[in-house]
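Chains as they are written, first to last, in this note's numbering: chain V, 598 to 710; chain U, 32 to 141. Where is the CB? At the ideal position from N, CA and C, for every residue including glycine. What follows is a single structure, written as structure tokens, with notes after it.
Here it is in structure tokens:
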């Protein structure tokens, strides 16, 4: 079945370590997004990419990095520069026929110890 | 600055007790308003898109409406399986970036 796969689902990290979250989609979608969700707050956009080898910063890009070397993949690295990285991270994609329907993955919960 | 505000933050309903959720927005040039449902520990799931004031969309016990300043999600005769967090989002630019509200968490008791 088509969809978005995020891994790992749960991740623990020590302070000062970088960690990479995986996002893979088999929907043949052009655009992909990374959102961060914190309790009591709306989803906040970290980075997005509309085509391969191109991406743009969202509202809270500081301390994060991404790459888009393949259409199917959009990994997110949470660097040690991110001051408060504990959060629920969501990857999403959207197809060419735009209806506002973002397809989301199941999320990755990162906890910094 | 574009803002999306959802109210109430939480809503507890008895099974069969209809109610409405509100999403108010202050944006310049709305291109679309979207409703999503999110279950605990899961990614959001798309429900509706509304493009212009007066538009309505329905799906089972849910009905979304749109005015020039707000949207309502009406839940008619809810069941326990309607318990979830409902998110509202708006699009104001061409590049498919959505701005989300904080959500309303609905709990329906049997």
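- Would you mind working out which of U/76, U/90 and U/62 sits nearest residue 702 of chain V, comparing C-alpha positions? Here residue 702 of chain V refers to the residue found at position 105 when the first chain is read from its first residue. The option with the nearest alpha carbon to residue 702 of chain V is U/76.
- Message: Alpha carbons only, please: which of U/66, U/49 and U/48 is nearest the one belonging to residue 101 of chain U?
- Response: Translated into positions along the second chain, residue 101 of chain U becomes position 70. Of the listed residues, the one whose Cα sits closest to residue 101 of chain U is U/66.
- Message: When you compare the CB positions of residue 55 of chain U and residue 36 of chain U, do they come within less than 8 Å of one another, or not?
- Response: Mapped onto the second chain, residue 55 of chain U falls at position 24. Mapped onto the second chain, residue 36 of chain U falls at position 5. Contact check for residue 55 of chain U against residue 36 of chain U passes: the beta carbons are separated by less than 8 Å.
- With 16 other CB atoms within 10 Å as the buried threshold, where does residue 628 of chain V fall? The sequence position of residue 628 of chain V within the first chain is 31, counting from 1. Answer is buried; the Cβ neighbour count reaches 16.
- Message: Quick check on the burial criterion: 16 or more other C-beta atoms within 10 angstroms. Buried or exposed for residue 95 of chain U?
- Response: As a working note, residue 95 of chain U is residue 64 in the second chain. Flag for residue 95 of chain U reads buried.
- Which bits of chain V does residue 45 of chain U rub up against, with CB to CB less than 8 Å? Here residue 45 of chain U corresponds to residue number 14 of the second chain, with the count starting at 1. Result: empty, since nearest Cβ-Cβ is about 25 Å, beyond 8 Å.
- Is it true that the region 680-688 of chain V meets the region 619-636 of chain V, where meeting means three or more beta-carbon pairs spaced less than 8 Å apart? Contact check between the region 680-688 of chain V and the region 619-636 of chain V: three or more CB pairs, one atom from each, fall below 8 Å, which counts as touching.
- Cα-Cα separation between residue 698 of chain V and residue 691 of chain V, rounded to whole angstroms: Indexing the first chain from 1 puts residue 698 of chain V at position 101. Indexing the first chain from 1 puts residue 691 of chain V at position 94. Near 7 Å, if we compare the C-alpha coordinates of residue 691 of chain V and residue 698 of chain V.
- Message: Counting C-beta neighbours from all protein chains within 10 Å, is the total for residue 614 of chain V 16 or more, i.e. buried, or is it exposed?
- Response: Here residue 614 of chain V refers to the residue found at position 17 of the first chain. Sixteen is the threshold: since fewer than 16 other Cβ atoms of the shown chains lie within 10 Å of the Cβ of residue 614 of chain V, the residue is exposed.
- Query: Can the beta-carbon of residue 73 of chain U be found less than 8 Å from the beta-carbon of residue 642 of chain V?
  - Reply: Numbered from its first residue, the second chain carries residue 73 of chain U at position 42. Numbered from its first residue, the first chain carries residue 642 of chain V at position 45. No, the pair does not count as a contact, with Cβ atoms beyond the cut-off.
- Message: Taking 8 Å as the threshold (C-beta atoms), are residue 92 of chain U and residue 70 of chain U in contact?
- Response: Position 39 of the second chain, counted from the first residue, corresponds to residue 70 of chain U. Position 61 of the second chain, counted from the first residue, corresponds to residue 92 of chain U. Cβ atoms of residue 70 of chain U and residue 92 of chain U: not closer than 8 Å.
- Item | residue 68 of chain U to residue 119 of chain U span [Cα, whole Å] | Counted from its first residue, the second chain places residue 68 of chain U at position 37. Counted from its first residue, the second chain places residue 119 of chain U at position 88. C-alpha separation (whole angstroms): 9 Å.
- Exposure of residue 43 of chain U, with buried meaning 16 or more beta-carbon neighbours within 10 Å: The residue labelled residue 43 of chain U in the question sits at position 12 within the second chain. Under the 10 Å beta carbon count, residue 43 of chain U is surrounded by fewer than 16 other beta carbons and is classified as exposed.
- Task: Could you please tell me which residues of the region 73-95 of chain U, in chain order, have their CB closer than 8 Å to any CB of chain V?
- Result: Look at the region 73-95 of chain U: the residues with a C-beta under 8 Å from a C-beta of chain V are 73, 74, 75, 76, 77 and 80.
- Query: Name the chain V residues that come within less than 9 Å of residue 27 of chain U, Cβ to Cβ?
  - Reply: Limits of chain U in this structure are 32 at one end and 141 at the other, which puts residue 27 of chain U out of reach.
- Query: Any Cβ of chain U within less than 8 Å of the Cβ of residue 707 of chain V?
  - Reply: To locate residue 707 of chain V, count along the first chain from 1; it is residue 110. With 8 Å as the cut-off, residue 707 of chain V does not count as an interface residue toward chain U.
- Task: Name, please, each residue of chain U whose Cβ falls closer than 7 Å to the Cβ of residue 638 of chain V.
- Result: Position 41 of the first chain, counting from 1, holds the residue named residue 638 of chain V. Neighbours of residue 638 of chain V on chain U, chain order: 133.
- Would you kindly work out how many angstroms separate the C-alpha atoms of residue 133 of chain U and residue 39 of chain U, rounded to a whole number? Residue numbering aside, residue 133 of chain U sits at position 102 when the second chain is read from its first letter. Residue numbering aside, residue 39 of chain U sits at position 8 when the second chain is read from its first letter. Approximately 10 Å, taken between the alpha carbons.
- Query: If you drop the 5 nearest sequence neighbours on each side, which residues of the same chain put their C-beta closer than 8 Å to that of residue 624 of chain V?
  - Reply: Within the first chain, the letter at position 27 stands for residue 624 of chain V. Same-chain partners within the cutoff: 599, 600, 601, 690, 692 and 700.
- Are the Cβ atoms of residue 631 of chain V and residue 675 of chain V separated by less than 8 Å? Within the first chain, residue 631 of chain V is the residue found at index 34, counting from 1. Within the first chain, residue 675 of chain V is the residue found at index 78, counting from 1. Not in contact: residue 631 of chain V and residue 675 of chain V (Cβ atoms no closer than 8 Å).
- Whole-angstrom Cβ separation of residue 619 of chain V and residue 672 of chain V, contact assumed at under 8 Å? Taking the first chain and counting its residues from 1, the one referred to as residue 619 of chain V is at position 22. Taking the first chain and counting its residues from 1, the one referred to as residue 672 of chain V is at position 75. Separation of the CB atoms of residue 619 of chain V and residue 672 of chain V is rounded to 5 Å, and the pair is thereby assigned contact status at 8 Å.
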